[in-house]
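Residue numbers (the UniProt record's numbering): 1 to 410.
Data first, discussion second: the structure below is written as structure tokens.
Okay, structure coming up:
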């Protein structure tokens, strides 16, 4: 009885401590707090992150019209190095790492042995046998277990490395005026190191907006001085700090997916039917069947050969202008075909767009006569509307400046 009482007391104390524990603050928190006008914060991997700082719509237009600064420090980052780093990552991920050159980045994903996606992310090749893997979720136990038999060092560096995304048509001009010489030579997915305050800042021509943009990584101690350097140089170029709400709008326009939003990761799934294979979430193009064996290879290729894939991720254009966030998708208004995972009215495309996960054969064989069920608030009452939807290619917005080299000099 005493043991049970003690256990209950310990559980209550642990629950209290958990509730009272503050969210972590990123290295840029002081700058973000000073700019925040709406106090609109959310939890990103245990960190306090802004959903918006002043107005999500205006922050969106900062990305598409000038330059926007977004704190990506909470993004999980792993340093992977050692004699077998390349061979290890080739075994772990879907793409052929041997094709990834030094000072280059590629988008990739990794699966369990059943071919179910654990996460997606970006792999930075910083040296011949030195990499940085950035992703949404934490996977250190999985990464360490997968390293059995490889001579490789794996460590998380989320806390020690601060990150910023600088996105928008004037983002290059901001870097140029901040004194980052020769940054215009960076092609999409290139990386280079630049001097900053007696140290280095790593700049890659990457981003999550489908626009011209860069991501910058620096040691935590140099984070605020980097922010101030960019902020001062960005004033003539109308630089604005933004939150996730605006970034999310642009990533939908770009057709990018988010783990545990557009698909449930294999580690995070509580139900067997929620897991997804790469081909079921539009990542089939990442799979390189010609490279040496990798996690999930047999299951992925068997599913293709036997045509046992159960889902498909598609882009939708929906009539009207009311976003269909989390709407049910129907075929012929009576058969449930799937669910919208992300949706907005796109100010740039001037279209009502969505990303949806459909059950096959809907979206593959049956692509016509699709509808979405939208509930819109009208004078304190929800009104049900059935709106036509058609499958369209992603990205919904394609901007030439994203890949222009050298970038525009405005």
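Glycine included, C-beta positions come from ideal geometry on N, C-alpha and C.
Cβ separation of residue i and residue j, assumed to be a contact under 8 Å, to the nearest whole Å
i, j, result
"residue 119", "residue 259", "5 Å"
"residue 23", "residue 224", "So it is not a contact: roughly 19 Å between Cβ atoms."
"residue 294", "residue 276", "Contact flag wrong, Cβ pair sits at about 17 Å."
"residue 291", "residue 96", "4 Å"
"residue 27", "residue 238", "The Cβ separation is near 24 Å, so there is no contact."
"residue 123", "residue 100", "7 Å"
"residue 229", "residue 178", "5 Å"
"residue 353", "residue 252", "7 Å"
Residue i to residue j span [Cα, whole Å]
i, j, result
"residue 204", "residue 190", "6 Å"
"residue 196", "residue 332", "59 Å"
"residue 371", "residue 317", "10 Å"
"residue 186", "residue 192", "8 Å"
"residue 214", "residue 184", "11 Å"
"residue 478", "residue 285", "There is simply no residue 478 to check, as the chain begins at 1 and stops at 410 in what is shown."
"residue 358", "residue 279", "12 Å"
"residue 338", "residue 328", "6 Å"
"residue 402", "residue 61", "16 Å"
"residue 404", "residue 82", "35 Å"
"residue 319", "residue 250", "20 Å"
"residue 131", "residue 363", "37 Å"
"residue 282", "residue 314", "8 Å"
"residue 257", "residue 233", "32 Å"
"residue 272", "residue 176", "50 Å"
"residue 306", "residue 117", "19 Å"
"residue 89", "residue 109", "11 Å"
"residue 398", "residue 245", "20 Å"
"residue 274", "residue 347", "32 Å"
"residue 166", "residue 216", "8 Å"
"residue 2", "residue 10", "Note that residue 2 scores 42 on pLDDT, short of 50, meaning its location in the model is unreliable; the coordinates nonetheless yield the value given after this. Rounded to whole angstroms, residue 2 to residue 10 spans 12 Å at the Cα level."
"residue 157", "residue 80", "10 Å"
"residue 206", "residue 107", "10 Å"
"residue 168", "residue 395", "17 Å"
"residue 415", "residue 25", "Past the boundaries of the shown model lies residue 415; the chain is included only from 1 to 410, so the question cannot be answered."
"residue 351", "residue 56", "18 Å"
Close beta carbons around residue i, own chain, < 7 Å, minus the five adjacent residues each side
i, result
"residue 366", "331"
"residue 360", "309, 310, 311 and 312"
"residue 369", "331 and 332"
"residue 104", "125, 189, 190 and 191"
"residue 171", "67, 212, 213 and 214"
"residue 341", "261, 262, 355, 356 and 357"
"residue 222", "196, 197 and 199"
"residue 288", "94, 95 and 96"
"residue 87", "150"
Residues of its chain near residue i, where Cβ-Cβ distance is below 6 Å and the 5 sequence neighbours each way are ignored
i, result
"residue 406", "184"
"residue 45", "74"
"residue 36", "53"
"residue 322", "374 and 376"
"residue 240", "62 and 68"
"residue 380", "none"
"residue 180", "194"
"residue 325", "343"
Residue burial classification, residue i (beta-carbon count within 10 angstroms, cutoff 16)
i, result
"residue 148", "exposed"
"residue 75", "buried"
"residue 393", "exposed"
"residue 417", "Here the chain covers residues 1 to 410 and nothing more, so residue 417 does not appear."
"residue 335", "exposed"
"residue 50", "buried"
"residue 127", "exposed"
"residue 382", "exposed"
"residue 77", "buried"
"residue 139", "buried"
"residue 218", "buried"
"residue 59", "buried"
"residue 141", "exposed"
"residue 4", "For residue 4, the predicted model reports a pLDDT of 44, less than 50, meaning its position is unreliable and no value from the coordinates is stated."
"residue 413", "Absent from the model: residue 413. The displayed extent of the chain is 1 to 410, so no value can be given."
"residue 400", "exposed"
Sequence-distant residues of its chain with Cβ nearer than 8 Å to residue i (five each side left out)
i, result
"residue 144", "154"
"residue 384", "373, 374 and 375"
"residue 303", "115, 277, 279 and 309"
"residue 92", "110, 143, 146, 294 and 295"
For residue i: DSSP bridge partner residues
i, result
"residue 43", "48"
"residue 357", "313 and 339"
"residue 195", "200"
"residue 228", "According to DSSP, which records beta bridges pairwise, residue 228 is partnered with nothing at all."
"residue 102", "Paired residue(s): none; residue 102 is not in a bridge."
"residue 345", "352"
"residue 63", "According to DSSP, residue 63 bridges with nothing at all."
"residue 156", "78"
"residue 241", "69"
"residue 373", "328 and 386"
Check: residue i C-beta below 8 Å from any heavy atom of the ligand HEM
i, result
"residue 124", "Only the bare structure without any ligand can be found here, which leaves the ligand HEM out of the picture."
CB contact below 9 Å: residue i versus chain C
i, result
"residue 340", "Structure shown: chain C not included; a single protein chain is present."
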